[in-house]
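Residue numbers (the UniProt record's numbering): 1 to 220.
Even for Gly, the Cβ is constructed at its ideal location relative to N, Cα and C.
Report on one structure; see the data block that follows.
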């Protein structure tokens with residue numbers, strides 16, 4: 001028997017929405033997967049030919065791009081940031097909806113006009129997306145790379161503005177920030193390692209088709 005196909009899934013909010021989708025595809029992880037006390041990272045499923053690994057969202061793309069996992073579920077924000085040529089994203093799963101936005105303190109936004117920017121200093125975990133977005137507008141972006149707690153940057157004078165994922169906007173509001181520009185809308189995608197799509201076609205293609213049908217059935 002060949003090695004199981006490995007599907008990489010992200011920790012956090014997307015995972016909660018991904019579990020019902022996986023169930024519709026016919027993939028149910030072992031009980032330890034939903035055990036909050038478990039420190040395991042690789043899990044078996046009800047299918048002996050499929051295992052699941054649970055990693056950080058940014059790492060999903062890396063595991064799949066380098067062939068450590070054959071498929072994955074990840075936000076389009078991660079795909080935009082890393083732009084791995086080894087990845088194929090055949091299905092928009094329609095989950096994990098949010099947006100990448102520029103935000104700044106409320107008092108600054110009240111007198112600020114993004115159309116007049118020529119240089120910006122921004123704290124973000126998306127330096128590639130940020131620089132590319134502003135370069136297209138002829139604005140020089142100085143990016144301060146952070147992996148979290150972005151909302152602290154303006155308060156502590158690290159950077160006056162941030163670029164981050166926004167869902168409800170509650171976190172921004174509680175930290176005195178407001179959105180001033182939306183860079184991109186984000187949803188989660190099924191991603192596939194391009195080499196695996198060719199070398200394990202008999203295993204990978206049926207899974208891609210199953211995910212596509214599950215999304216279409218849910219939308220119907």
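First and last residue of the uninterrupted alpha helix (DSSP H) at residue i
i: residue 61; result: 57-65
i: residue 14; result: 13-25
Start-to-end residues for the beta strand (DSSP E) that takes in residue i
i: residue 140; result: 140-145
With 16 other Cβ atoms within 10 Å as the buried cut-off, status of residue i
i: residue 64; result: buried
i: residue 23; result: exposed
i: residue 198; result: exposed
i: residue 164; result: buried
i: residue 10; result: buried
i: residue 21; result: buried
i: residue 206; result: exposed
i: residue 101; result: buried
i: residue 161; result: buried
i: residue 118; result: exposed
i: residue 60; result: buried
i: residue 66; result: exposed
i: residue 29; result: buried
i: residue 77; result: buried
i: residue 204; result: buried
i: residue 216; result: exposed
i: residue 103; result: buried
i: residue 5; result: buried
i: residue 196; result: buried
i: residue 182; result: exposed
Residue i (DSSP reduced to helix, strand or coil)
i: residue 215; result: helix
i: residue 8; result: strand
i: residue 48; result: coil
Checklist entry - In chain order, which continuous runs of the beta strand (DSSP E) of length 3 or greater are located wholly inside the UniProt domain "ATP phosphoribosyltransferase catalytic" (56-209)? => result 71-75, 87-92, 98-105, 119-124, 140-145, 161-166, 177-186, 188-193
Next on the checklist: Tell me whether the region 79-94 and the region 29-39 touch, counting them as touching only if at least three CB pairs, one residue from each stretch, are closer than 8 Å.
Outcome noted: no
Next on the checklist: Contact between the region 113-129 and the region 199-207 is defined here as three or more beta-carbon pairs at a separation below 8 Å; is this criterion met?
Outcome noted: no
Checklist entry - How do the region 54-70 and the region 148-158 stand: do at least 3 beta-carbon pairs fall below 8 Å, yes or no? => result no
Next on the checklist: Would the region 178-197 count as touching the region 60-75 if we require 3 or more Cβ pairs under 8 Å?
Outcome noted: yes
Next on the checklist: So, does the region 134-150 touch the region 86-97, judging by three or more C-beta pairs under 8 Å?
Outcome noted: no
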